[in-house]
Amino acid sequence: MYADVADYSEWRSGRRATGLIFSSSLISQKIGWTAGGAVSGWILGWFGFEANLVQPDSALMGIRLLISVLVAASALLSVVFLYYYPLGESRMQDIIGNLDRRRTAYEESSAQPKASA
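Numbered as in this note's numbering, the sequence shown ends at 128 without a single skipped number.
Put into structure tokens, the structure is as follows:
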């Protein structure tokens, strides 16, 4: 999907920004991992989890929710986002075809010798 976004960006702006798009995706993943770890800890704390102790029933319920219902809800949210993702297979084929034509036209115009004055 990142490559699709890079191609879409080039198609829209006329400039290739692959490095920027891929580095942005990496930083967003790192932020997501950090936030996910923090939220998991907060949820466990909210349910009364304490490390290295016998867990109360409320903490066990929190653990069960964290590894089942909350994961399923997150997956469902991801499916909703993917449903609205605008760069489907047919649209990307059109964009890639258009970019190929642009690149070919640019290469042909660059290969022609310039007329002297």
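No residue lacks a Cβ here, since even glycine has one placed at the ideal position from N, Cα and C. Note that the coordinates shown come from a computational prediction; the quantities given were computed from them, not determined experimentally.
- Item | Backbone secondary structure at residue 122 - three-state DSSP | One-based indexing of the sequence shown puts residue 122 at position 111. Three-state DSSP puts residue 122 in a helix.
- Query: Helix, strand or coil: which one does DSSP assign to residue 110?
  - Reply: Residue 110 sits at position 99 when you count from the first residue of the sequence shown. In the displayed model, residue 110 falls within a helix according to three-state DSSP.
- Measure the alpha-carbon distance for residue 97 versus residue 104 and round it to whole angstroms. Within the sequence shown, the letter at position 86 stands for residue 97. Within the sequence shown, the letter at position 93 stands for residue 104. In a straight line, the C-alpha of residue 97 is about 13 Å away from that of residue 104.
- Message: Let's test the definition: count the other Cβ atoms within 10 Å of the Cβ of residue 68 and tell me whether it reaches 16, buried, or not, exposed.
- Response: For the purposes of this step, residue 68 is taken as residue 57 along the sequence shown, with counting starting at 1. Its Cβ having fewer than 16 others within 10 Å, residue 68 is exposed.
- Taking the alpha-carbon positions, what's the residue 83 to residue 47 distance? Residue mapping note: residue 83 aligns to position 72 of the sequence shown, counting from 1. Residue mapping note: residue 47 aligns to position 36 of the sequence shown, counting from 1. Here the C-alpha atom of residue 83 lies approximately 14 Å from the C-alpha atom of residue 47.
- Item | Cα-Cα separation, residue 8 to residue 45 | Here the chain covers residues 12 to 128 and nothing more, so residue 8 does not appear.
- Task: Examine chain B for any beta-carbon lying closer than 8 Å to the beta-carbon of residue 95, and answer yes or no.
- Result: Among the chains of the structure shown, chain B does not appear; only one protein chain is present.
- What are the boundary residues of the alpha helix (DSSP H) that residue 21 is part of? Working through the sequence shown from its first residue, we reach residue 21 at position 10. Residue 21 -> alpha helix (DSSP H) spans 13-24.
- Straight-line CA distance for residue 93 to residue 52? In the sequence shown, counting from the first residue as 1, residue 93 sits at position 82. In the sequence shown, counting from the first residue as 1, residue 52 sits at position 41. When only Cα atoms are considered, residue 93 and residue 52 end up about 27 Å apart.
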